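Numbering (full-length UniProt numbering), first residue to last: 1 to 172.
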C-alpha cells in the first residue's frame, strides 16, 4: 500500500516538473475579446466578471493591450492578457450583431441623451430623465442620478456643464 501511494506521488511530481507554466493566448490588434474585471461581490477578491465583446485597439507589449468598447461611448481601457478571452463568435457575426451582444452584456439599454433633472418628490434624491437608444420618447424614464453618473460619466458631466446656472444641476 505504501509503495502504491509513493508511486502516485512520484508520478504527480514528475508531471508537475514537466509543465512549462501557464501559456497566455496571443492577441493582435483588431481581435474581438471578452475582458474581465475583478469584483468584490462574493467576498473573493479574484471573482471575475466578463464583459464584451470589445476590440483590441493597441498592443502595448506582448501581455498588455488597450481594448475599446464597440458601443458608445467607446471607452478604452488597458487590460492584461490574463484578463482577456478571445470572443469566439466574432468570426461568424457581423458588426451589428456584435454591437447587439455588447449592449445585452451591459444590461440591455444604452443612454442616448439626458433630457432633464429633478429632485424626486418621493425619494428626495436627484434623478435624470433618460432617453434610451432604440426606444421611443414615451419610454424615457427618470433614473437615479448616482446610477447615471456611474454608467455614463462623460455624458452626465456634459449635461451638468451645459447649463451651469441651473440651480438643480449646480447641486448635483
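Using N, Cα and C, we set each Cβ at its ideal position, and we do this for glycine too. Values in this document were obtained by computation on a predicted structure and should not be read as measured data.
Could you spell out where the beta strand (DSSP E) holding residue i opens and where it closes?
i: residue 79; result: 76–80
i: residue 66; result: 64–69
i: residue 116; result: 111–119
i: residue 59; result: 48–59
I need the straight-line Cα distance from residue i to residue j, nearest angstrom please.
i: residue 153; j: residue 160; result: 11 Å
i: residue 149; j: residue 26; result: 35 Å
i: residue 77; j: residue 60; result: 12 Å
i: residue 57; j: residue 111; result: 24 Å
i: residue 143; j: residue 50; result: 25 Å
i: residue 74; j: residue 158; result: 16 Å
i: residue 10; j: residue 62; result: 36 Å
i: residue 131; j: residue 116; result: 10 Å
i: residue 169; j: residue 86; result: 42 Å
i: residue 31; j: residue 68; result: 11 Å
i: residue 15; j: residue 53; result: 36 Å
i: residue 164; j: residue 129; result: 18 Å
i: residue 3; j: residue 28; result: 50 Å
i: residue 7; j: residue 38; result: 40 Å
i: residue 122; j: residue 141; result: 15 Å
i: residue 162; j: residue 171; result: 14 Å
Residue i and residue j look like a contact to me (Cβ under 8 Å); what is the Cβ gap, rounded to whole Å?
i: residue 126; j: residue 145; result: 4 Å
i: residue 83; j: residue 35; result: 6 Å
i: residue 70; j: residue 55; result: 6 Å
i: residue 79; j: residue 65; result: 6 Å
i: residue 155; j: residue 114; result: 6 Å
According to DSSP, residue i sits in a beta bridge with which residue or residues?
i: residue 87; result: Answer by DSSP bridge pairing: none, since residue 87 is not bridged.
i: residue 39; result: Answer is none; residue 39 lacks a bridge partner.
i: residue 129; result: 116, 142
i: residue 34; result: 85
For residue i, count neighbouring Cβ atoms within 10 angstroms of its own Cβ and tell me buried if that reaches 16, exposed if not.
i: residue 138; result: exposed
How is the alpha helix (DSSP H) around residue i delimited, first residue to last?
i: residue 160; result: 153–162
i: residue 181; result: Outside the displayed range of the chain (1 to 172) lies residue 181, so it cannot be described from this structure.
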